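> Residue numbering for the sequence shown follows numbering that gives the first Met the number 0, beginning at 0 and increasing consecutively.
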Amino acid sequence: MTDLKLWYDTPAQAWTEALSIGNGRLGAMVFGGATRERLQLNEDTLWSGGPYNPVNPEALAHLDDVRNLLFAERYTEAEAAANRWLMGKPIKQMPFQPAADLWIEMTGIGEVADYRRELDLGTAIATTSFTADTLGIHREIFATAEDGVIALRIMAARPGTLSLRVTLTSLQKGAVRSPAIGTLRFEGHNSAAYGIDGALTFAVEGRVSTDGHLETGPQSVDVSGASEVTILIDAATSYVRFDDVSGDPVAKLTTRLDAATALGWRQLRENHIANHHALFSRLSIDLGETSAARLPTDQRIAANPHVADPALAALFVQYGRYLLLASSRPGTQPANLQGIWNDNLTPPWDSKYTTNINLQMNYWLADPANLAECIEPLLRLVQEVALTGRETARVHYGAPGWVLHHNTDIWRATAPIDGAKWGLWPTGGAWLCVQLWDHIRFGDDGLIADLYPALKGAAEFIAHVLVPLPDTDLLVTAPSLSPENVHPLGAALCYGPAMDSQIIRDLFDATIEAGDKLGLDPDLRTQLAKLKSQLPVDRIGKAGQLQEWLADWDMDVPEIHHRHVSHLYAVYPSAQITLEGTPELAAAARRSLETRGDDATGWGIGWRINLWARLRDGDRAHAVVQRLLSPDRTYPNLFDAHPPFQIDGNFGGAAGIIEMFVQSQNGEIHLLPSLPAAWPAGRVTGIRARGGIEVDLVWADGALVEAMLKGSGARTVSVLYGMNRVELTPHFDGSRVTIADFDNAHPAAPAGANRHDGAPED
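(1) Should TRP436 and PRO572 be called a contact, given that it needs their Cβ atoms to be closer than 8 Å?
(2) Taking only three categories from DSSP, how would you classify ILE103?
(3) In chain order, what residues of the same chain lie with their CB nearer than 8 Å to the CB of ALA302, ignoring the 5 residues before and after it?
(4) Jot down the residue ranges of each uninterrupted alpha helix (DSSP H) in the region 70 to 136, minimum 4 residues, whole runs only, in chain order.
(5) Compute the Euclidean distance between the alpha carbons of GLN593 and LEU567, then round it to the nearest angstrom.
(6) If you reduce the DSSP assignment to three classes, tell me which class MET659 lands in.
(7) I'd like the list of long-range same chain contacts for LYS351, defined as Cβ closer than 8 Å, with 5 residues on each side in sequence excluded.
(8) My understanding is that GLY495 touches LEU468, with C-beta atoms under 8 Å, so please give their C-beta distance in whole angstroms.
(9) Measure the Cβ-Cβ separation of ARG687 and ASN369 and say whether it is below 8 Å.
(10) In this structure, how does DSSP classify TYR352 when only helix, strand and coil are distinguished?
(11) CA-CA distance, ALA798 and TYR318?
(12) Going by DSSP, what residues sit across from TRP46 in a beta bridge?
(13) Considering just the uninterrupted stretch of the beta strand (DSSP E) at ILE232, what are its terminal residues?
(14) Drop a sphere of 10 angstroms on the beta-carbon of HIS755, count the other beta-carbons inside from all chains shown, and report buried for 16 or more, exposed for fewer.
(15) Among the residues of its own chain, which have a CB less than 6 Å from the CB of GLU214, if the five just before and after it don't count?
(16) Do you know offhand how far GLU383's Cα is from ALA453's?
(17) Between the alpha carbons of GLU372 and ASN361, how many angstroms are there, rounded?
(18) State the DSSP-derived secondary structure class of ASN67, mapped to helix, strand or coil.
(19) DSSP has LEU38 in a bridge; who is on the other side?
(20) For PHE185, name the three-state secondary structure that DSSP assigns.
(21) Would the beta-carbon of ALA599 fall within 8 Å of that of ILE608?
(22) Does the Cβ-Cβ distance between LEU584 and LEU545 come in under 8 Å?
(23) Assign MET0 to buried or exposed, taking buried as 16 or more other Cβ atoms, counted over all protein chains shown, within 10 Å of its Cβ.
(24) Give a yes or no on whether the C-beta atoms belonging to PHE279 and LEU324 are separated by under 8 Å.
(25) Nearest-angstrom Cα distance between ILE668 and ARG328?
(26) Between ALA513, ASN270, PRO487, GLN533, which lies nearest to SER763 when the distance is taken from Cα to Cα?
(27) So the beta strand (DSSP E) SER326 belongs to, where does it begin and stop?
(28) In whole angstroms, give me the CA-to-CA distance for GLY181 and TRP102.
(29) Are the region 146 to 164 and the region 25 to 38 touching by the rule of at least three beta carbon pairs closer than 8 Å?
(30) Quick test of your reading: PHE441 and ARG689, contact by CB under 8 Å. State the CB separation rounded to the nearest angstrom.
(31) According to DSSP, simplified to helix, strand and coil, what is ARG607?
(32) Can you list, in chain order, the residues of its chain with a C-beta nearer than 6 Å to that of ARG538? Leave out the 5 residues immediately preceding and following it.
(33) Sorry if obvious, but does the Cβ on ILE108 come closer than 7 Å to a heavy atom of the ligand MN?
(34) Whole angstroms is fine: what's the gap from GLU186's alpha carbon to TYR51's?
(35) I want to know whether the region 245 to 256 touches the region 118 to 134 - three or more CB-CB distances under 8 Å.
(36) How big is the Cα-Cα spacing for PRO749 and GLY580?
What follows is the structure, encoded as structure tokens:
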């Protein structure tokens, strides 16, 4: 079985060499220094600013002016007017912030040898081991979701030989004090940003216990003559909800630390491993192993472009699953642009929730990787922006329902930000709703009633803001843009980009289907079906490409290798364009993908892997995987390099690798649809397909050996391998399908419905 460890023979020097741990709410970067250990700490509700409403009361009065300029093809004037009148106030949102650093300075340490640090993905425990003057030192650290704290233990091979000092520092405003023996606590206040005052108080606490001698000063804890030292760490803020900052951070962390202290190290560790294993162990992947797998992880990444290392791709998938469990658990905030790990008061792109691809990509992995529980924070975010977005819809558009543009933050701001060429895009909330509806297709029907109010509100907003395209029978969004691309007429602002129509088709279908299942809003369903028929269809341009805009501009754009591939949404994550159902459009999408190129930012490469997998080109998908796992797109700790670090490339790339093995759309399950020649033999277990079906696969010599499908659906399931199909009858569970079954099967007919019309999956 492929090793599930990241390991190194030197301590981390840079932040992107440190090892990440997290429990969804708390995160830490572990540097593994021998004489000086650094734990860089985050808490998921510590953002700058406070509750605010960035709507612009001037926007609605100027909305039609901008639309008229767009329809008159005066794009740069329209964009200038939009920048002047339609943007949110402030024009920026709040940054995610670091909490503190806990430092451990080892004293009496001599020459260090036999050094090793590692992160075991199977146990979610990071360790550092070394000898110092023949004295063996071993550290373990984990962030337990079961008991809510970070726990660290340092052990010496010889009794009574450990001596160290523990300190706590922070970039935030505040002070360290010692409220009890062996305890350090930083109490602080978050910062203002972009004119919004800080409204949060917070606290970070470390509790030290030992079998040695303990001395507590006002800003440090000293240990001497010890065999072992345990440190429990927690952080909390006064955040309760986006409109409530009345919490007591000290009370929160005191309750958790008291309970953890009472449990003790052994029980905390057992609880943590059991909790993590129950989720992480659902999926396994083995793509074979070469001698490269025996190298330290940083050396494997450095060598990967030149040395075959299939086990690195398998490790990358499992690391993505590990990161999702560590940064998104029920009851926590969703994973942001950096998951939960950030050491900067002004992180790249403020480490927000970017909703024109990045937040969605963070959750592409959850369902196929059998971690559906991790989606709960995303559902809660959508339910909250559906509340704040109502005011934005009313003030900016005079519309019912709700809207979210291309970013939000912990305060659930929904107005357009940054500038019209990035922010004036009205379908971010619609895309999130569609993504959650797709989650329901994986088998979570119990969430339909929970999601429906957000679906309905998003659809009501879109229904209101669609406007007639002059001299046609079509309805389009205006103003909008194709994220974040500039068209040849010198602006990004436009009307009716392909991605908008694609997302809206999926949104209307989801709302209609959900309303039908719940027996609600028949008039709205009728209205949405009519509006959907008036949306522009996808178009093929003069170069044979899928058009990104209504006009045939694609070959003349300033940045032909743009990182976004927004108009290919219909291929992935949607399934409106498929090889079987819409072959001409699929060929056009391939042409677009070839023109755009395989190189991009980290997340852009992750999207391309999924697209090549959907287009059934396994070797091309594998080449893009190799590009992602190269040293300039993957840091030594396996974090994705945008650059700089963004976690969406981890999640998107891992999802793309899984998409190469199993695809499930339009009521069918495709086995090994994009298997590359580089992975001729392997085994995966626990991939989840739409319909609530788990799939295990074994293949050898580039061909399927057998598949096991587990499910209890009440319908026939079509399973395809190559051009052949077998049907599994309703209420199957544990059905085994072998290559012989496909050899005796009839050739697969094309998918029954042309999914370009946006019909929902079965």
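Note that CB positions come from ideal geometry on N, CA and C, so glycine has one too. Because the structure is a prediction, the values reported are computed rather than measured.
If we stick to the structure as given:
(1) Taking the sequence shown and counting its residues from 1, one reaches residue 436 at position 437. Taking the sequence shown and counting its residues from 1, one reaches residue 572 at position 573. The answer is no: Cβ separation not under 8 Å.
(2) If you number the sequence shown from 1, residue 103 lands on position 104. Strand, per DSSP.
(3) By 1-based counting over the sequence shown, the position of residue 302 is 303. These residues qualify, in order along the chain: ALA291, LEU294, ASP308.
(4) 74 to 84
(5) Translated into positions along the sequence shown, residue 593 becomes position 594. Translated into positions along the sequence shown, residue 567 becomes position 568. Checking the sequence, you will find Glu at residue 593 rather than Gln. CA-to-CA, the gap between GLU593 and LEU567 works out to about 12 Å.
(6) The sequence position of residue 659 within the sequence shown is 660, counting from 1. Note: MET659 maps to coil in three-state DSSP.
(7) Locating residue 351 in the sequence shown gives position 352, counting from the first residue. Excluding residues up to 5 positions away in sequence, GLN92, MET93, PRO94, PHE95, ASN335, LEU336, ASN406, THR407, ASP408 lie with their Cβ nearer than 8 Å to the Cβ of LYS351 in the same chain.
(8) One-based indexing of the sequence shown puts residue 495 at position 496. One-based indexing of the sequence shown puts residue 468 at position 469. Rounded to the nearest angstrom, the Cβ distance from GLY495 to LEU468 is 6 Å, consistent with a contact under 8 Å.
(9) Mapped onto the sequence shown, residue 687 falls at position 688. Mapped onto the sequence shown, residue 369 falls at position 370. Against a cut-off of 8 Å, the Cβ pair of ASN369 and ARG687 comes out as a contact.
(10) If you number the sequence shown from 1, residue 352 lands on position 353. Strand, per DSSP.
(11) Residue 798 falls outside the range modelled here, since the chain spans only 0 to 761, and no answer is possible.
(12) In the sequence shown, counting from the first residue as 1, residue 46 sits at position 47. PHE95.
(13) Against the sequence shown, residue 232 aligns to sequence position 233. Unbroken beta strand (DSSP E) run through ILE232: 227 to 236.
(14) Taking the sequence shown and counting its residues from 1, the one referred to as residue 755 is at position 756. Note that HIS755 scores 33 on pLDDT, short of 50, meaning its location in the model is unreliable and no value can be drawn from it.
(15) Counting from one through the sequence shown, the residue named residue 214 turns up at place 215. So the list reads ASP221, once near-sequence residues are dropped.
(16) Working through the sequence shown from its first residue, we reach residue 383 at position 384. Working through the sequence shown from its first residue, we reach residue 453 at position 454. Going by the C-alpha atoms only, they are around 9 Å apart.
(17) Translated into positions along the sequence shown, residue 372 becomes position 373. Translated into positions along the sequence shown, residue 361 becomes position 362. So the alpha carbons of these two residues sit roughly 14 Å apart.
(18) Counting from one through the sequence shown, the residue named residue 67 turns up at place 68. Helix at ASN67.
(19) Position 39 of the sequence shown, counted from the first residue, corresponds to residue 38. In the DSSP output, where bridge partners are listed per residue, LEU38 has VAL29, LEU101.
(20) Along the sequence shown, one-based indexing puts residue 185 at 186. Looking at PHE185 - three-state DSSP - the assignment turns out to be strand.
(21) Taking the sequence shown and counting its residues from 1, the one referred to as residue 599 is at position 600. Taking the sequence shown and counting its residues from 1, the one referred to as residue 608 is at position 609. Going by C-beta atoms, ALA599 is not nearer than 8 Å to ILE608.
(22) Locating residue 584 in the sequence shown gives position 585, where the first residue counts as 1. Locating residue 545 in the sequence shown gives position 546, where the first residue counts as 1. Cβ atoms of LEU584 and LEU545: closer than 8 Å.
(23) Position 1 of the sequence shown, counted from the first residue, corresponds to residue 0. Because MET0 sits at a pLDDT of 45, beneath the cut-off of 50, its placement in the model cannot be relied upon, and the following sentence gives the value as read from the coordinates. The residue is exposed, with fewer than 16 neighbouring Cβ atoms inside 10 Å.
(24) Position 280 of the sequence shown holds residue 279. Position 325 of the sequence shown holds residue 324. Against a cut-off of 8 Å, the Cβ pair of LEU324 and PHE279 comes out as a contact.
(25) Within the sequence shown, numbered from 1, the residue matching residue 668 stands at position 669. Within the sequence shown, numbered from 1, the residue matching residue 328 stands at position 329. Going by the C-alpha atoms only, they are around 28 Å apart.
(26) Missing from the structure shown is residue 763; the chain here goes from 0 to 761 and no further.
(27) The residue you call residue 326 lines up with position 327 of the sequence shown. Per DSSP, SER326 belongs to no beta strand (DSSP E); it is in the alpha helix (DSSP H), 309 to 326.
(28) As a first step, residue 181 must be located in the sequence shown, where it is residue number 182. As a first step, residue 102 must be located in the sequence shown, where it is residue number 103. The alpha-carbon atoms of GLY181 and TRP102 are separated by roughly 14 Å.
(29) yes
(30) Here residue 441 refers to the residue found at position 442 when the sequence shown is read from its first residue. Here residue 689 refers to the residue found at position 690 when the sequence shown is read from its first residue. About 5 Å separates the two Cβ atoms, so the contact holds.
(31) Mapped onto the sequence shown, residue 607 falls at position 608. ARG607: helix per DSSP, three-state reduction.
(32) Residue mapping note: residue 538 aligns to position 539 of the sequence shown, counting from 1. So the qualifying residues of the chain are GLN546.
(33) Because no ligand of any kind appears in the structure shown, any question about the ligand MN cannot be addressed here.
(34) Along the sequence shown, one-based indexing puts residue 186 at 187. Along the sequence shown, one-based indexing puts residue 51 at 52. Distance between the alpha carbons of GLU186 and TYR51: 24 Å.
(35) no
(36) Position 750 of the sequence shown holds residue 749. Position 581 of the sequence shown holds residue 580. Low per-residue confidence applies at PRO749: pLDDT is 44, beneath 50, and the placement is therefore not dependable, though the value from the model is reported in the following sentence. Answer to the nearest angstrom: the Cα atoms are 6 Å apart.
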